[in-house]
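Residue numbers (my numbering): 2 to 598. Contents: one structure, followed by commentary.
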Ligand code: MV4
């Protein structure tokens, strides 16, 4: 076993890996950016090193600095977690070249699975069922039209070869839609992966996302730990995952079949460590198709840990150290049911808009069968620079129905003040009939009325801000009358009883007036369209001098992995447009000045 390992990541997964290292009696080395100086993963590690500025390219994606820290600290191996450098074959090779063990599969396996067309070709050759379609890139729209019409049929999915996780994925329901789908997928492939090549698949109308956890060692053993059902996702972001899939969806025979498919897929690329084979299940026909393989530990690995009792992170580290897996396939037994809810700093009622901010009071749930993997604590700042996921709430119970009740209980216990999170969304979703019936809930996740009903009351808004807006806030405080406690809810202007009662104060942000004063200083008053968030300008679909109507998209800001459309607050002419694509903007910065037409 190694004596010291560097964790090239942040947040909850860095803490998760440090916990595994503590239990293995391996020393841990954390790295951090300027923004993460006070982050829990930094405090939690044996030693910690600054990488550089907040921008990932200068910190968590900076290969040179990370390898330099590995050398300085004497770490023998690097654990990449997920995201950042986890599926970067060049990083895996750079580690090899530096004599540092990359905890993950060989770079060749990352490469093979990184190209979705290459992966499809390899899987087909290995006898693994793939979604019907092309295994070669489709060179032109003309070719795509011919192949879609003659070989695949409509509807057809167009996917970027460099893609994965839904990036660069478009659907053409009929031939007239193919041009837009083809060009859209190619454009997104170019933007995100510098690769505009696309391929085609038959579009399955309402499949389930069912994935299989695999583990492989260097001693000839490749096993699976059963499936996870991750069908509840929005814009390709998974929101809720469970293991096993509902029993009326995947029975023992199907589990055996998809488990074997996943093991064959892993063997075909000489896999090592922990990985996940993602697939689509047509619940009508029970057809299962390989979609892609994630060559790393996944966010949702925890639900499998709960039902198998196997520590997936530790197994990956053991394998990297040359040890055999600690379990054989026969010893893998699934027990009960586990559910994970991703606790993101997002507002579900506003199309899941990112909601960065500072956490005030923070109390995690506990009790039987509850696990919280988090990378935050009271006072933590959730920055738009990084992923909006602040924690994962995982529960286990004897069956799906009881696990659902336990999750609802734990969600009710979870207190996160000062920040809008998906907790209300999860409480509403897990209480629906659709969830109870094990449906994929795709309609519900796009249902505007249902989502808008989840709007936050004023609670997460800060008192000083509400005061300026002339709004009311909801505050709870406790009184004791004749020895009996009562919780009292007061809805009214801020200040008042909760303050007098000494309720927790949330660290204050600069008042909205101050933040927006910049917009006013520009001298344009209400003509100025101020940025509601910090992020980078992705697109500017308008030009100076152009006439716009109220609600027209003026710019798209990329923040927290989301594209946020910023629309004109009034009709008029774009008098000033002081932004360019790629610019970093802060909340309150002027995006455009719209003069009366
Ligand atoms: C598909 C599909 C239908 N047909 N591919 C790809 C990435 C993953 N996030 C979802 N992906 C899909 N790929 C073909 N050929 C439908 C989806 C899909 C989906 C699948 C299962 C459960 C929920 C889903 C939500 C959106 C898209």
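We treat Cβ as the ideally placed atom computed from N, Cα and C, and that holds for glycine. For clarity, every value in this text was computed on a predicted model and none was experimentally measured.
| Query | Result |
| --- | --- |
| Can you tell which of 448, 87, 138 and 290 has the C-alpha that lies nearest to the C-alpha of residue 1? | Nothing about residue 1 can be reported from this structure: the residues present for the chain run from 2 to 598 only. |
| Take the Cβ of residue 592 as the centre, count every other Cβ of all protein chains shown within 10 Å, and call the residue buried at 16 or more, exposed below. | buried |
| Distance check for residue 441 and residue 153, CA to CA, integer angstroms please. | 25 angstroms |
| Leaving out the 5 sequence neighbours to the left and right, which residues in its chain are closer than 8 angstroms to residue 409 when beta-carbon positions are compared? | 428, 431 and 432 |
| Have a look at 68, 126, 117 and 91 and flag the residue whose alpha-carbon is nearest the alpha-carbon of residue 99. | 68 |
| Is the beta carbon of residue 487 within less than 7 angstroms of some heavy atom of the ligand MV4? | no |
| By the DSSP assignment, the beta strand (DSSP E) with residue 293 in it spans what residues? | 288–295 |
| Apply the 10 Å Cβ neighbour rule to residue 260 and answer buried if 16 or more other Cβ atoms are within range, or exposed otherwise. | buried |
| Nearer than 7 angstroms: is that true of the beta carbon of residue 204 relative to any heavy atom of the ligand GTP? | Looking for the ligand GTP in the displayed structure turns up nothing; the ligands present are the ligand MV4. |
| Can you tell which of 276, 334 and 544 has its C-alpha closest to the C-alpha of residue 299? | 276 |
| Name, in chain order, the residues that DSSP records as bridge partners for residue 397. | 339 |
| Using the three-state DSSP reduction, which class does residue 319 fall into: helix, strand or coil? | helix |
| Out of 51, 388, 415 and 384, point me to the one whose CA is closest to residue 371's CA. | 415 |
| Could you have a look at residue 128 and say whether DSSP puts it in helix, strand or coil? | coil |
| What does DSSP give as the partner residue(s) for residue 33 in the beta ladder? | 51 |
| How about residue 291: is its Cβ closer than 7 angstroms to a heavy atom in the ligand MV4? | no |
| What's the call for residue 466, buried or exposed, on a 16-neighbour Cβ count within 10 Å? | Residue confidence for residue 466 is low, a pLDDT of 48 falling below 50, so the modelled location carries little weight and cannot support an answer. |
| Hey, would you say residue 603 sits closer than 8 angstroms to residue 278, going by beta carbons? | The question about residue 603 has no answer here: the residues shown for the chain are numbered 2 through 598. |
| Based on Cα-Cα distance, which residue from 455, 229 and 6 lies nearest to residue 209? | 229 |
| Less than 7 angstroms between the CB of residue 167 and some heavy atom of the ligand MV4, yes or no? | yes |
| Answer yes or no: do residue 602 and residue 395 have a C-beta to C-beta separation smaller than 8 angstroms? | Not covered by the structure: residue 602. The range shown for the chain is 2 to 598. |
| Put residue 521 into one of helix, strand or coil per three-state DSSP. | Low local confidence applies: a pLDDT of 46 at residue 521 is under 50, so the model's placement there is unreliable, with the coordinate-based value given in what follows. Here residue 521 sits in helix by DSSP. |
| With DSSP as the reference, please indicate the residues paired to residue 230 in a beta bridge. | 211 and 243 |
| To the nearest angstrom, how far is it from the Cα of residue 488 to the Cα of residue 417? | 18 angstroms |
| Assign residue 518 to buried or exposed, taking buried as 16 or more other Cβ atoms, counted over all protein chains shown, within 10 Å of its Cβ. | Summary for residue 518: the model assigns pLDDT 49, below 50, so the residue's position carries little reliability, and this model does not support an answer. |
| Hey, quick one: how far does the alpha helix (DSSP H) through residue 23 stretch, first residue to last? | 12–25 |
| Would you be able to state if there are at least three C-beta pairs under 8 angstroms between the region 319–330 and the region 29–42? | no |
| Flag residue 435 as yes when its Cβ comes closer than 7 angstroms to any non-hydrogen atom of the ligand MV4, and as no otherwise. | no |
| So for residue 433, helix, strand or coil by DSSP? | coil |
| Tell me where the alpha helix (DSSP H) around residue 260 begins and ends. | 253–269 |
| Under three-state DSSP, which class holds residue 446? | helix |
| Does any heavy atom of the ligand MV4 sit closer than 7 angstroms to the C-beta of residue 232? | yes |
| Kindly indicate the opening and closing residues of the beta strand (DSSP E) around residue 277. | 274–283 |
| Please determine if the region 361–378 and the region 249–268 are in contact, where contact requires at least 3 C-beta pairs separated by less than 8 angstroms. | no |
| Keeping to the same chain, check which residues put their C-beta closer than 7 angstroms to that of residue 134; ignore five residues upstream and five downstream. | 153, 200, 201, 202 and 203 |
| So, is residue 500 buried or exposed, given that buried needs 16 or more other C-beta atoms within 10 angstroms? | Since pLDDT at residue 500 reaches only 43, below the 50 mark, its modelled position is unreliable, and no value is offered. |
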